[in-house]
Each structure stands twice: as structure tokens, then as C-alpha cells.
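My numbering puts the first residue of the sequence shown at 20, with every later residue one more than the last. All C-beta atoms in this analysis are idealised placements derived from N, C-alpha and C, irrespective of residue type, glycine included.
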Amino acid sequence: DAAGEIAELGEGVDGFAAGDAVFTYCRRETLHWGGYAEYLPMDARHVAPIPQTVSVMQAAAIPLAALTAWQALVDHARLERGQNVLIHAGAGGVGSFAIPIAKHCGATVLTTASAANADYVRSLGADIVIDYRAQDWVAAAKRHCPQGVDAVLECLGGQVPVQSLDVIRMGGVIVCLNEPVEEAAAAARGVRRHRLFVTPDGEDLREIARLIDAGTLPVPPIQVLPLAEAARAMELSKAGHIRGKLVLAVRESA
Ligand SMILES: NC(=O)c1ccc[n+]([C@@H]2O[C@H](COP(=O)([O-])OP(=O)(O)OC[C@H]3O[C@@H](n4cnc5c(N)ncnc54)[C@H](OP(=O)(O)O)[C@@H]3O)[C@@H](O)[C@H]2O)c1
Numbered sequence: 020d021a022a023g024e025i026a027e028l029g030e031g032v033d034g035f036a037a038g039d040a041v042f043t044y045c046r047r048e049t050l051h052w053g054g055y056a057e058y059l060p061m062d063a064r065h066v067a068p069i070p071q072t073v074s075v076m077q078a079a080a081i082p083l084a085a086l087t088a089w090q091a092l093v094d095h096a097r098l099e100r101g102q103n104v105l106i107h108a109g110a111g112g113v114g115s116f117a118i119p120i121a122k123h124c125g126a127t128v129l130t131t132a133s134a135a136n137a138d139y140v141r142s143l144g145a146d147i148v149i150d151y152r153a154q155d156w157v158a159a160a161k162r163h164c165p166q167g168v169d170a171v172l173e174c175l176g177g178q179v180p181v182q183s184l185d186v187i188r189m190g191g192v193i194v195c196l197n198e199p200v201e202e203a204a205a206a207a208r209g210v211r212r213h214r215l216f217v218t219p220d221g222e223d224l225r226e227i228a229r230l231i232d233a234g235t236l237p238v239p240p241i242q243v244l245p246l247a248e249a250a251r252a253m254e255l256s257k258a259g260h261i262r263g264k265l266v267l268a269v270r271e272s273a
């Protein structure tokens with residue numbers, strides 16, 4: 020994902036002007052050489068004006084994580100008021116949007132996070148924080164929700180997808196962002212399974228921007244590194260304990 024100013028419009032593109040501050044998430048089919056660059060060719064359908072209340076650097080941290088959380092909880096899980104949802108890795112990039120989006124839908128949020136992130140995920144709206152390092156998260160989720168949660172947002176892989184089936188009520192749903200739980204295993208428990216691969220979508224981004232400007236969705240904390248430190252940024256990300264998002268500044272002055 021990326022944020023910046025429109026340098027030039029393609030033929031037939033309406034609704035934008037050169038100089039507009041925009042943000043975007045798009046895939047290799049439309050952005051062949053990645054986002055670590057000064058100029059990016061973008062499909063106008065994948066672009067939206069940045070929220071009015073954030074900087075361009077903050078805006079760059081939003082599209083992929085927010086679209087993923089939005090499409091997982093709103094489009095696939097179809098969360099409703101009064102439901103319970105377990106969001107794994109609530110302090111991560113996706114989790115930091117998923118928690119307030121779930122609250123916006125009217126759900127009660129259980130989330131897993133280490134003790135150091137407990138206050139952070141509570142500040143995002145989490146109702147129940149499960150320290151996955153200090154306790155058995157399956158037992159803790161069952162204790163808080165004996166009838167089973169309505170939905171799980173899963174992004175960790177390994178045993179977590181299949182273990183998650185133990186905490187979902189019959190008729191509930193699991194949305195998997197990485198290795199999905201087997202369809203048959205989910206069906207045997209009466210659970211709907213979705214495997215999500217986030218879709219670029221300028222309309223969803225406009226809705227997300229509206230919710231950010233309304234104060235409904237907080238923007239996650241960002242750590243900004245110069246583009247020259249992209250390799251270090253990748254190492255930090257791969258270590259798996261970033262709170263919020265990393266942003267690469269392409270220009271020193273950005
Ligand atoms: N399918 C898709 O379209 C899609 C889209 C976006 C992302 N993804 C995938 O979704 C995953 C999450 O992405 P992200 O950007 O949110 O990752 P991230 O920001 O790197 O996640 C880091 C967070 O994960 C937490 N964490 C690590 N191990 C954990 C565990 N065992 N239990 C609970 N929390 C744990 C860490 O919390 P602590 O520091 O508290 O441990 C940290 O806050 C990635 O694998 C990514 O590839 C898929």
C-alpha cells in the first residue's frame with residue numbers, strides 16, 4: 020500500500036485531480052514493481068482521497084490492514100450488533116483496525132495479545148484481552164464465551180486455525196488470512212469458513228476514510244523508517260511483534 024500526491028491522471032479518469040493526496044492498496048497485476056518507489060502507476064478504482072484528519076505518512080499505514088479487517092468482518096463474517104468475535108493478534112496491523120471495526124459493528128471483542136500490548140488493545144475497544152503467552156487462549160475464550168463466539172478472525176496459522184474451531188459456536192464463522200482451516204474440519208463443526216485474500220477497493224477505502232474522520236476508527240501508531248532501511252523494516256516485520264504499522268519514507272522530507 021502507499022499514499023502520496025497524484026502526479027498525473029490517466030486518460031478518462033474522473034473524480035481526481037493532480038495534487039490530490041490519495042492512498043491505495045493494489046496488487047501486482049496493476050502495480051508491477053511494488054510500492055517502494057517515488058512514482059507508482061495505480062488503477063484509479065483502487066485509489067481514494069486520504070482521510071482529512073491524518074498525515075500522508077499515517078495514511079500510508081491504512082489501506083492493506085484496514086481493507087483486510089473491513090472485508091473480513093463486514094463482508095465475510097457479516098458481524099452484527101450483539102455478536103461476539105475473537106480477533107487473533109489484536110495489536111498487529113490488521114488487528115488494530117479489526118478491533119474498532121468490530122466495535123463499530125456492535126460486537127463484543129475478545130482478542131489475543133501479549134501483556135505488553137494489553138492496554139493498547141483495550142484502548143482500541145477490546146472487551147476481553149487474552150494474554151496468549153501466559154494462558155491457554157482456547158480455555159480462556161471458552162470461559163468468557165461458554166456458548167462459543169460467533170466469529171473468529173484468524174491470521175496466525177499453524178495450529179491456531181484448527182484450535183479456533185473449539186471456541187466457535189455451531190453456525191459461526193472463521194475468516195482465515197493465511198493457511199485456512201480445512202473446509203471439511205470446519206463443516207464437521209457446523210462452522211462456515213472463509214479464506215480471505217484482500218481485494219483492492221477504492222470505495223471501501225472511502226468508507227474507511229469517513230470512519231477515521233468521524234473518530235470511529237483510530238489510526239494505528241506508526242514507526243517511520245527511510246526507504247534506505249527497507250531491509251531492516253522487513254526484518255522487524257518478520258519478527259512478528261510490531262505494534263501498529265511500519266511506514267517507509269521515500270523522500271527524506273516526507
Ligand atoms: N490474506 C490477506 O489478504 C492478508 C492481508 C493482510 C495480512 N495478512 C496476513 O495476516 C497476518 C497478520 O498481519 P499483520 O499485518 O496484522 O501482522 P503484524 O502486524 O506483523 O502482527 C504482529 C502482531 O502479532 C502479534 N502476535 C504474534 N504472535 C502472536 C500469537 N501467537 N498470538 C497472538 N498475537 C500474536 C504480536 O503481538 P505481541 O507483540 O503482543 O506478541 C504483534 O502485535 C500476516 O501473516 C499477514 O501476512 C493476510
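Not one heavy atom of ligand 1 is found less than 7 Å from the C-beta of R47.
Within its own chain, the residues whose Cβ lies closer than 7 Å to the Cβ of L59, once the five positions on either side in sequence are excluded, are A21 and L50, listed in chain order.
With distances taken between CA atoms, Q90 lies nearest to G114 out of Q102, G114, Y139 and R262.
In the three-state reduction of the DSSP assignment, Q242 falls in the strand class, which pools E and B. Less than 8 Å divides the Cβ of G191 from the Cβ of V168. Going by C-alpha positions, D33 is about 25 Å away from G53. Annotated as proximal: D232 and P70, with beta-carbon spacing under 8 Å. Excluding the 5 residues flanking it on each side, R262 has same chain C-beta neighbours closer than 7 Å at A110, N136, Y139 and P240, in chain order. At a cut-off of 7 Å, the beta-carbon of I261 counts as near ligand 1: some heavy atom of the ligand is closer than that. The C-alpha of A126 is placed about 7 Å away from the C-alpha of L98. Contact check for A96 against A205 fails: the beta carbons are separated by 8 Å or more. With a cutoff of 7 Å, C164 does not count as near ligand 1, since its C-beta is closer than that to no heavy atom of the ligand. In this structure I81 touches V238 by the C-beta definition: roughly 7 Å separates them, less than 8 Å. Not one heavy atom of ligand 1 lies closer than 7 Å to the C-beta of Y44.
Cβ-Cβ separation between A134 and A117: approximately 20 Å, too far for a contact (criterion under 8 Å). Distances from the CB of L215 to the heavy atoms of ligand 1 include at least one below 7 Å. For E57, there is no enclosing beta strand (DSSP E), as DSSP marks it with neither H nor E.
Residue range I147 to D150 is occupied by the beta strand (DSSP E) that includes D150, with no alpha helix (DSSP H) assigned at that position. Assignment of beta-bridge partners to L129 by DSSP yields L105 and I147.
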